[in-house]
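Scroll down for the structure; my scribbles are underneath it.
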Amino acid sequence: MTVRRCPLAFGLLAALLLTSSARDGDSITPEQFAKLHKLIKPQPSEQKWEQIPWLVSLWEARGQATREGKPILLWEMDGHPLGCT
Amino acid sequence: MATEDFIAVTGDDWYQRRRQDEEGEFFRKVSDQAGRGSRDSGGGSTRQGIYCFTASGRLLAFKNAGQAPDVMREVLKDALAKWRKLPESERRPGAVTVPELARTDSRYTRTPPPGGLIVNVFTRLLDRDANGELCDADCKGNRGDEAARDHLWLTESEWRSLAPARAKRGDQFPLADKIAERICRFHLIDNTRGEPPLWGREEVRSRKFTITVEEANSAGIRVRLDGAAVIATHADASKADRGYDVRLMGYIHFDTAKDALDRFELVAVGDHWGDGTYTRGARPGRTPLGVAFELASGKSPSDRVPPQAAREIAEYFGR
Chain A
9 MTVRRCPLAF GLLAALLLTS SARDGDSITP EQFAKLHKLI KPQPSEQKWE
59 QIPWLVSLWE ARGQATREGK PILLWEMDGH PLGCT
Chain B
143 MATEDFIAVT GDDWYQRRRQ DEEGEFFRKV SDQAGRGSRD SGGGSTRQGI
193 YCFTASGRLL AFKNAGQAPD VMREVLKDAL AKWRKLPESE RRPGAVTVPE
243 LARTDSRYTR TPPPGGLIVN VFTRLLDRDA NGELCDADCK GNRGDEAARD
293 HLWLTESEWR SLAPARAKRG DQFPLADKIA ERICRFHLID NTRGEPPLWG
343 REEVRSRKFT ITVEEANSAG IRVRLDGAAV IATHADASKA DRGYDVRLMG
393 YIHFDTAKDA LDRFELVAVG DHWGDGTYTR GARPGRTPLG VAFELASGKS
443 PSDRVPPQAA REIAEYFGR
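Line order of the protein sequences matches chains A and B.
The letter at position 79 of the first sequence is residue 87 when you use the working numbering, and the numbering goes up by one with no holes.
The letter at position 143 of the second sequence is residue 285 when you use the working numbering, and the numbering goes up by one with no holes.
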């Protein structure tokens, strides 16, 4: 399925005029399931950060840094950068 | 640059600035040099940002840059220039001895439950196209334009309850309360713009999740999960300033030979409204929000990142 981006105003108008099973109380059908699952998951363009071999242990990074003679880059956020931020 | 010239690591500041062990002390030593945070008993203020430093703890560069790649690039360049000016004795491999951690502060470290299940959880703002079909929302450069990520943790007894050994085709039974509540309170959230408020137990106004056994044989058990929930900050959802009216559906498969679940795929879709202190900028009105669940491969270090809600670990597991 191609992921489409639609103008917000057009989408709002469509939301007023059209019905959708998920929104209006019906179950999600097996036919809708795979399409929705794919739509919601990250697209390849959203996964470039995975090309960097991020570690998740500062102590492990410290050990690897001294073994390889490299400095450490720490990306520290309130909410894990590789999780919920 | 981040890959070739640095050892790249990530951390959740909520844990790191609080933990009372060697790792926490080392982090605060680095962060203090950037003038970040404070050292009060509650963990102090935020120390988040991008840090570059040596294995000995000498700060090279810092910026609280969020997720801005251009700023991160400049910080890395600056740090690398300073690193190269250090004497060889500080830069050579083995220049610093890093001992094994003597202990970890269990109050501020989280590990997946033994024998448990790690599920990736993705959340995305959706919209409707001219045909009424759900599509990716166009946030026009605003926050929340990409899928957000989190993890769902299930204990071994919990995931085994999803496809019980004696299940027969056509059997129906409710999803275990603890799992249903965990999904509703901690994973049916709009985290696309940062850390959202989590739902209180009383804010789950209604929920019904039913498991139907679709296939059961010697090779395994496949079940379908159907559900719906209304989650809202007011008992009358029409008066709530924040809420999610959501349907959920998906498939779970237990592989007998592997004695493991090899499929856990769910989709939740519904109308969400409202925002929180740290997630301002929600779209006006009630707009579609989708959440997708799938098994983590377990191959990436990021698979071990704890669920956001696991900061309050006892509440997360409903203990």
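Heads up, the beta-carbon is just placed ideally off N, CA and C, and yes, glycines get one too.
- From the beta-carbon of V365/B, no residue of chain A is found nearer than 9 Å; the closest lies around 13 Å away.
- W301/B sits away from L367/B, with the two beta carbons spaced by 9 Å or more.
- Distance check between T297/B and each of L431/B, E242/B and K320/B places K320/B closest, using alpha-carbon atoms only.
- Here S444/B is buried, its C-beta having at least 16 other C-beta atoms within 10 Å.
- Take the alpha-carbon of M214/B and the one of S53/A: they are about 19 Å apart.
- Between G416/B and R389/B, the gap from beta carbon to beta carbon reaches 9 Å or more.
- In the three-state reduction of the DSSP assignment, E84/A falls in the strand class.
- Across the structure, A244/B and D163/B are spaced so that their CA atoms are roughly 8 Å apart.
- C-alpha of H376/B to C-alpha of H88/A: approximately 30 Å in a straight line.
- At a cut-off of 9 Å between beta carbons, Y458/B makes no contact with chain A.
- Taking C-beta separations shorter than 6 Å and ignoring five residues to either side along the sequence, the partners of P339/B in its chain run G418, following chain order.
- DSSP lists no beta-bridge partner residue for W225/B.
- The residue from E165/B, R349/B and T196/B with its alpha-carbon nearest to that of R234/B is T196/B.
- Linking L47/A to S198/B through their CA atoms gives a straight-line distance of about 45 Å.
- By the criterion of at least three beta-carbon pairs nearer than 8 Å, the stretch 436-455 of chain B is not in contact with the stretch 302-317 of chain B.
- K205/B and I192/B do touch by the CB rule: their CB atoms are close to 5 Å apart, below 8 Å.
- Straight-line spacing of the CA atoms in H414/B and N333/B works out to 12 Å.
- When the Cα atoms are used, G186/B and E167/B turn out to be separated by approximately 13 Å.
- Contacts between P50/A and chain B, judged by CB atoms closer than 8 Å, involve F264, E288, A289 and R291 in chain order.
- Per DSSP, the unbroken alpha helix (DSSP H) holding A42/A starts and ends at P38 to I48.
- Within the stretch 413-459 of chain B, the runs of beta strand (DSSP E) that reach at least 3 residues and sit entirely inside it are, in chain order, 429-437.
- For T265/B, the uninterrupted beta strand (DSSP E) segment begins and ends at L259 to R270.
- Distances from the alpha-carbon of F435/B to those of T421/B, R405/B, T251/B and F459/B put R405/B closest.
- Contacts with chain A at 9 Å (Cβ-Cβ) include L202/B.
- For the pair I60/A and A150/B, the CB atoms are nearer than the 9 Å cut-off.
- In the three-state reduction of the DSSP assignment, T352/B falls in the strand class.
- Judged by DSSP secondary structure, L304/B falls outside any beta strand (DSSP E) and instead within the alpha helix (DSSP H) spanning E298 to L304.
- With a threshold of 9 Å between beta carbons, W156/B makes contact with chain A.
- One thing to note: V217/B has its Cβ no nearer than 9 Å to the Cβ of R70/A.
- One thing to note: R266/B has its Cβ within 9 Å of the Cβ of L431/B.
- When DSSP reads this structure, C194/B sits in a beta bridge with L81/A and A203/B.
- By alpha-carbon distance to F328/B, the top candidate from Y393/B, L294/B and A305/B is L294/B.
- Looking from the CA of G257/B, the closest CA among E457/B, T429/B and D401/B belongs to D401/B.
- At least one CB of chain A lies nearer than 9 Å to the CB of L218/B.
- Chain A has no Cβ within less than 9 Å of the Cβ of C326/B.
- With respect to chain A, the C-beta atom of I192/B has a partner C-beta closer than 9 Å.
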